[in-house]
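Note that full-length UniProt numbering numbers the sequence shown so that position 111 is 111, with each residue one more than the last.
Every residue, glycine too, gets a C-beta built ideally from N, C-alpha and C.
As the structure is a computational prediction, the values presented were derived from the model and not from experiment.
Below is one structure, written out as structure tokens; comments come after it.
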Amino acid sequence: MIAGIALLSAIAYTSFGQTRDVVINGILTNMKDMPAKIYLVYIPILNLTPDSALVTAGKFTLTGSTGNVVSMGILTTDKNHTTLGKNAAGIMLQKGELQVSASESLQNIKVSGSAAVAQREYEAMGRDARDSIAVLKKAQAGERYKTDQVFHEKTQSALIAMYTRVVDEIMYYPLDHPGSVLTPYLTWSQLSEATVMKTVLVDLLQHSLPVTAPKVYKLAIAKIVAKFDKAAAEFDARVTANDAMIPLGSKAIDFTMNDTEGKPVSLSSHKGKYVLLDFWASWCGPCRAENPNLIRAYNNYKDKGFEVLGVSLDAGGQKNAWLEAIKSDGLPCTELADLNGMNNAAAKLYHVISIPQNYLIAPDGTIIAKNLRGEDLQKKLASLLNK
């Protein structure tokens, strides 16, 4: 655990412009395929070449760079791997020494050491909500969840609320903790990962950046914000134009897509019923937050000629996440996907470029409403089916 000035002085040197100021001592155990080499990949704005170390008998010592900022590095078995996954784990990098260990997979990584201050703070974000999720997951596996409808709905509503809370806590962390060592990194991360974000949130995050934030973050965020207004305006224009292509009163466009069991299902096979065509995805927080309302609508009106047809915009590598979301949220409706992400065939037909989005289709195939959510959906269905 010793990582004082003497250690840093001993390891610090410059190679290809990279100052070595962090040491990672690692132990890997129970790996199905023990890697011969381990890599440390840096966030793009630092413009640093990945560092590496040989793995011998499951142990390695890797000297890396922080670029004089606190940021997340990707510890991986593939230097071209830039995202988290089975063979990659994110660790917060600070000057000093880190001890890491992982059993079976890098996903199970544990981090300690004198330079683990940022890591501990990062792991604490959303911890209470994640603990609640674990408890709710156990409840889902119980018999009561299967037999008690009220308990079922309360549990899944609470679960979705906790998932949303985790996302919100991470997103708003820079605003709530302006003095945190993580705030510059998280501010950049939140803005760089957002394709489109409400301008007010961009402004808030931008202004949450401390005066003492490293210059590299200030420059990167300035570039993001400079591009944001133009990108947001262009996106809004596309949404408006695309929405006009599927006007109310037009006929729904038929399509056929596979369900969760790989069986083809056509929109036209539901003709004669009121159908809510719902575009969503497992990774879409607002979509999943709306699922309890969809389930309530379905249960209230399924015997009165109402059906929900879900179309997922999950991609090929997200099939399990899609199926797990259906199970976790308790969706009882027909669910379809071609696993082409935002290039989903049905989404293209309906010019969908953002989710959640839905269309209410009358028994004769006419689109009679769009984007009904919450009580608006319940009221609309009541006006149509409670006669």
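Item                                                                                                         : Value
Straight-line gap, L106 to S192 (C-alpha atoms, nearest Å)                                                   : 25 Å
Closest by C-alpha distance to Y298, when choosing among L385, A315, A252, E169                              : L385
Straight-line Cα distance separating K304 from E335                                                          : 20 Å
Q357 classed as buried or exposed, judged by whether at least 16 other C-beta atoms fall within 10 angstroms : buried
Where the beta strand (DSSP E) containing W280 begins and where it ends                                      : 274-280
Distance CB(L309)-CB(H351) smaller than 9 Å                                                                  : no
C-alpha distance - G67 paired with T19, whole-angstrom precision                                             : 7 Å
Inter-residue CB distance, A252 and L267 (contact presumed, cutoff 8 Å)                                      : 6 Å
Test item: CB-CB of P292 and I91 under 9 Å                                                                   : no
Outcome for R120 when other beta-carbon atoms lying within 10 angstroms are tallied against a minimum of 16  : exposed
Outcome for A211 when other beta-carbon atoms lying within 10 angstroms are tallied against a minimum of 16  : Reading off the sequence, residue 211 comes out as Val, not Ala. It counts as exposed.
Sub-9 Å separation of residue 466 and L313 beta-carbons                                                      : Here the chain comprises residues numbered 1 to 387, so residue 466 is not present and cannot be evaluated.
Cβ separation of I74 and A88, assumed to be a contact under 8 Å, to the nearest whole Å                      : 5 Å
Neighbour-count burial assignment, L48, 16 or more Cβ in a 10 Å radius                                       : buried
Pair within 9 Å by beta-carbon distance, V23 and G64                                                         : yes
Same chain, Cβ closer than 8 Å to Y217, neighbours up to 5 away in sequence not counted                      : I45, V69, P184, Y185, T187, W188, L209
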